[in-house]
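One structure below.
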Amino acid sequence: MLEPSAEKVFASILGAYQISARITDDVTYCGQWIEREPQMNRGIFHLISAGRCQVEASYLPAPISLGVGDLIVFPRGSAHTLCQVMHGGGDAPADTAMLCGEFTSQSGRRNAVLDSLPDCFVVSETEDAGHFRALGRMMAEHSRQSLFGNQLVLNKLADSLLVLAIRDHLVKDPPRRGLLAALDDPRLSRTLAAMHEDPGRDWSIAQLAEVALLSRTAFCEHFSAVLGVAPMQYLTEWRMAEALRLLRDPHQSVARIAERLGYRTEAAFRRAFKRVQGFAPGKVRQQA
């Protein structure tokens, strides 16, 4: 059971990293079939709505069998192969149908959420007899209808499906390292919640260690071991993730954003933003 602080961090990181999903295909495979999916520059997923299939990839220790209601997610679009499940006794393979989708993030260079996830993970219908199953069935039903705005509805449902998938993976198979792993650590989740709630505060290592109830040395070592970055580096990256979100709001001036995130001058903020994101704040304003 995750602490309330972890819930706050989970909500804030999904808001800042702005991961959005959309359905790209509703496909049905008949007879003997095989589908090779190349490496993609975005996350992808498959929701099985009928039949069964098998997933193979070089990074998997063994093929994965999927059935109706199962969802498989590839957070970084890793290459894989889909094929029918072979039946013994000469039985003809059943038709397989699936909804395929993709998801992207507007977080800039690095997405700490997706970096915390494995190359692929599965959420099985049998593991969740309630909301996940109902949502998957709703998506399958909507995909068969030709109604006005149906694509928009499917995309919104896909957003929810992805959040449920990440949450269930976090609870049932907690990552060992990375941002999501820190949510399963009460000391780190409290510290992250404090930083996320008040990123503009002039935080010190001593203050953060006090929130974690650790000594400064123990805190720095533990934080770096789990998240892969030092506390102050993480704070800077979080500030820049928030800056990216705020810059898309035309009512927020760059100077106001800089002040809100703890920078004494706009110039200092602009330098930090370009160093972390790889481009200037003005580029975000132009795209927005």
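In this note's numbering, the protein residues as written are 477 to 764. Even glycine gets a Cβ: it sits at the ideal position worked out from N, Cα and C.
Around the beta carbon of valine 647, fewer than 16 other beta carbons sit within 10 angstroms, so the residue counts as exposed. Three or more beta-carbon pairs separated by less than 8 Å are not found between the stretch 541-549 and the stretch 501-512, which leaves the two stretches without contact. Around the CB of alanine 658, 16 or more other CB atoms lie within 10 Å, so the residue is classed as buried. The C-alpha of lysine 759 is placed about 24 Å away from the C-alpha of valine 589. In the structure shown, the three-state DSSP call for arginine 724 is coil. Taking each of Arg721, Gln763, Leu737 in turn and checking the Cα distance to isoleucine 495, the smallest one comes out for Arg721. The beta carbons of arginine 761 and leucine 737 sit about 16 Å from each other, so the pair does not count as a contact at 8 Å. If the five residues before and after alanine 533 are omitted, its C-beta is found closer than 8 Å to the C-beta atoms of Ser554, Ala555, His556, Thr557, Asp595, Cys596, all from its own chain and listed in chain order. A contact is defined here as three or more CB-CB pairs under 8 Å, and the stretch 675-692 fails this definition with respect to the stretch 510-529. Distance check between serine 488 and each of Ala669, Leu542, Glu697 places Ala669 closest, using alpha-carbon atoms only.
Secondary structure at cysteine 576: strand, using DSSP grouped into helix, strand and coil. Using a 10 angstroms sphere on the CB of isoleucine 524, the tally of other CB atoms reaches 16 or more, which defines it as buried.
With contacts defined as CB atoms closer than 8 Å, leucine 630 and serine 622 fail to qualify as a contacting pair. Counting only runs of 3 or more residues that sit fully inside the stretch 707-756, no beta strand (DSSP E) segment turns up. At the C-beta level, valine 599 and alanine 573 stay beyond 8 Å of one another. Assigned with DSSP and collapsed to three states, alanine 538 falls in coil, not helix or strand. A Cβ-Cβ contact shorter than 8 Å links serine 592 with glycine 654. Around the Cβ of tyrosine 493, a 10 Å sphere holds 16 or more other Cβ atoms; the residue is buried. Between the C-alpha atoms of leucine 575 and isoleucine 520 there is a straight-line separation of about 11 Å. Cβ atoms of leucine 684 and threonine 667 come within 8 Å of each other, at about 5 Å. Here glutamate 479 carries a coil assignment [DSSP, helix/strand/coil].
Linking serine 581 to glutamine 763 through their CA atoms gives a straight-line distance of about 15 Å.
Pro651 is the residue among Lys484, Phe579, Leu536, Pro651 whose C-alpha sits nearest the C-alpha of valine 702.
In this structure, the beta-carbon distance from alanine 688 to arginine 663 falls below 8 Å. Per DSSP, leucine 690 lies in no alpha helix (DSSP H) segment and is marked neither H nor E. Checking the DSSP bridge columns, you'll see glutamine 582 has no partner listed.
Around the C-beta of glutamate 718, 16 or more other C-beta atoms lie within 10 Å, and the residue is accordingly described as buried.
The beta-carbon distance between arginine 740 and alanine 756, rounded to whole angstroms, is 19 Å. This is too long to meet the 8 Å contact definition. When DSSP states are grouped into helix, strand and coil, glycine 519 belongs to the strand group. Residue environment for glycine 527: buried (at least 16 other C-beta atoms within 10 angstroms of its C-beta). Taking 8 Å as the cut-off, the beta carbon of serine 665 is found closer than this to the beta carbon of alanine 482.
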